Amino acid sequence: MSDTTGKVYTGDSRVLQFFEELSKIPRGSSNEKAISDYVADFARQRNCAVIQDEKFNLIIRKPAAPGYENVPTVIFQGHLDMVTEKNKSTVHDFTKDPIRFKIDGDMIYAEGTTLGADNGIAVATALTIIDTPDMAHPELEILLTTEEETSMGGAFHLDASQLKGRMMINFDSDREGVLFVSSAGGINTYHSVPLAYKEAPAGEPYTIGVQGLMGGHSGDDIIHERANANKLLGRVLDDLRRHAAFDLAGVSGGMKVNAIPREAEAAVYLSGEGKQAVEARIAELNRILKDEFQASDKGVSVVLHAGFDANSGAGAAAASGKAFAEDVKASVIRLLTLIPNGVLSMDKAIGNLVRTSSNLGVVSVNETHVVMQSLSRSSMRSQVDEVVRVMQTLGETVGCEFRTDHYFPGWPYRADSKLRPVFQAAYEKRFGKLIEIKAIHAGLECGVLIEKMPDLDAISFGPNMYEIHTPDEHLSISSVERTWPFLEDVLRELKA
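Every letter in the sequence shown is one number past the one before it in UniProt numbering, and letter 3, counting from 1, is 3.
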């Protein structure tokens, strides 16, 4: 698939050409300096004014095209960072290795890792805008933020007084033909169980694993009710404790709180008799789970194998040769079983929209605690607060530590938008059909920026992307090829 220059994409889309170039630069959350510097230098070389702050956020100003000098300034916005997920078997260092493309028909994938189209496609589109001198548009402020995928820290830190624009095009959506006009807010929650150990665990070391799940974006894909590996691990351990004696020495699952976890595992010690009972229960649980998730996660599997994997989170936690004290084991299993997860309520006013959800995204063991991190979302602040109250009450009941951080606000619908009708008219003119207007359950930076600029008129759109936040993430080539000229239409029509 690659040509002699090492390129994989060989088509004519300049957006995709830039996207492949950007994919050579590591840009996981909190590692955005290199990509920020690259984009800043690119813009300066093309005579654009650049502001780069200490968080590596960028504001790039491109002057208005002739005839557009009196048209209000427009903000084009995306984020520089990407989710760094990979398959367990993939050897990849996200701090230094490039993302390697592969093309399958109309789709671009990465080789065993996230692709980073979320939101590298916005950065590539920004570069294309900067590098197109004869493009018709008002003055543009290209705003590229950092740490969006973890905390929206860049947007929270941004000095919005440096922005003149009060109309904003956010390019962080993944469905062509859909215009998003509202998004959910959310908060991270943490349940932490203090560690205590027992000496000389009984039995031999084994690993219980949950694997084969699809995963996905914890906001956008939560409606599909896919299995959560951490929750299934809790269900398995809670079932096994009723049928066999075992010591628990480590647990781990998930990599990012905003991704539905695809794999989780527990390090346990089993006697010969206990192993037979566990094998029998796992066989039955596999039958049950495959039946329950045949539509959403047909690859679900619970496995048992001898020994600990020192390269895994659970195996590393078990390396001391000790096992959790009985009260720690009980608290861990109770929390895994009882932490709220999945769709909690639907929005009755907007069809097929989740209103409130929670995702138990990461389970890990550090030197002092077993930590379970969830991301709870809702379009209503009162329901975010209610989920937090339930989480806190659960922590009090189990007897563990509880805290929250990184609250981000929702984005309310704006009935008097001036930007939305321009998009609607341009879409109908180009494609001969109506663009769909929707709200989204995922969090977007629009909410943070609107808190800073209450008069901001925002919309969000983008090309077709699939399975974002997972190693199966892929991007439609033809959709990008359609989205770019549509964006040109919109910017041109803003003169009217």
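By construction, the Cβ of each residue, glycine as well, lies at the ideal position given by its N, Cα and C atoms. Note that this is a predicted model, so its numbers are computed, not measured.
Would you mind sorting G153 into buried or exposed? The rule is 16 or more other CB atoms within 10 Å of its CB. buried
What are the boundary residues of the beta strand (DSSP E) that includes R403? E401 to F408
Whole angstroms is fine: what's the gap from H474's alpha carbon to G215's? 14 Å
Whole angstroms are fine: how far does the CA of G299 sit from the CA of I51? 48 Å
Selection from E284, Y206 and E273 that minimises the alpha carbon distance to V251: Y206
Whole angstroms is fine: what's the gap from N13's alpha carbon to E493's? Sequence check: residue 13 is Ser here, not Asn. Taking the straight line from one Cα to the other gives about 22 Å.
Quick test of your reading: D172 and D53, contact by CB under 8 Å. State the CB separation rounded to the nearest angstrom. 20 Å between Cβ atoms; not a contact.
Going by other Cβ atoms of all chains shown within 10 Å of its Cβ, with 16 needed for buried, is A311 buried or exposed? Strictly speaking, residue 311 in this sequence is Asn, with Ala absent from that position. The residue in question, N311, is exposed, as its Cβ has fewer than 16 Cβ neighbours within 10 Å.
Apply the 10 Å Cβ neighbour rule to T189 and answer buried if 16 or more other Cβ atoms are within range, or exposed otherwise. buried
Between the beta-carbon of residue 503 and the beta-carbon of E149, is there less than 7 Å? Since the displayed the chain opens at 1 and closes at 496, residue 503 lies outside it and no answer follows.
How would you call E428, buried or exposed, if buried means at least 16 neighbouring beta carbons within 10 angstroms? exposed
Run the CB neighbour count on E292, radius 10 Å, all protein chains shown included, and call it buried at 16 or more, exposed below. exposed
Output the distance between the C-alpha atoms of D489 and S417, rounded to the nearest integer angstrom. 18 Å
Leaving out five residues before and five after I35 in sequence, what residues of the same chain have Cβ atoms less than 6 Å from its Cβ? I25, R27 and L80
Segment contact flag, the stretch 131 to 138 with the stretch 379 to 398, C-beta cutoff 8 Å, min 3 pairs: no
Which value, in whole angstroms, describes the spacing of the CA atoms of A280 and Y269? 16 Å
How big is the Cα-Cα spacing for R61 and E32? 20 Å
For G254, which of helix, strand or coil comes out of DSSP? coil
Own chain residues within Cβ distance below 6 Å of H157, not counting five before or after: K55
Looking at the structure shown, is I223 part of a helix, part of a strand, or coil, going by DSSP? helix
Quickly, what does DSSP pair F101 with across the bridge? List them, please. A110
Are at least three pairs of beta-carbons, each pair with one atom in the stretch 352 to 369 and one in the stretch 104 to 121, less than 8 Å apart? no
Closest to K198 by C-alpha separation, out of A318, D97 and E21, would be which residue? A318
Could you tell me the alpha carbon to alpha carbon distance between residue 504 and P340, rounded to whole angstroms? Coverage of the chain is limited to positions 1 through 496, which leaves residue 504 absent and any answer about it impossible.
Between which two residues does the beta strand (DSSP E) carrying E265 extend? A264 to L270
Distance between G395 and G272 (C-alpha atoms, nearest Å): 35 Å
Rounded straight-line distance, which links the Cα of C48 to that of S89: 43 Å
If contact is defined by three or more beta carbon pairs under 8 Å, each pair taking one atom from either stretch, is the stretch 252 to 268 in contact with the stretch 370 to 380? yes
Short CB-CB distance (under 7 Å) between C400 and chain B: The chain inventory of the structure shown lacks chain B, comprising one protein chain alone.
Neighbourhood of P201 by C-beta, 6 Å cutoff - its chain only, sequence neighbours within 5 removed: D247, Y269 and A323
Comparing alpha-carbon positions, which option in G432, I435, F461 and I103 lies nearest C446? F461
Can you tell me which of the three DSSP states Q373 falls into? strand
Between which residues of its own chain and A196 is the CB-CB distance below 6 Å, once the five residues before and five after are set aside? A325 and V328
Tell me where the alpha helix (DSSP H) around M346 begins and ends. Premise fails: M346 lies in the beta strand (DSSP E), G342 to M346, not in any alpha helix (DSSP H).
For P63 and D131, I'd like the C-alpha separation in whole angstroms. 13 Å
Neighbourhood of F18 by C-beta, 7 Å cutoff - its chain only, sequence neighbours within 5 removed: A124, L127 and T128
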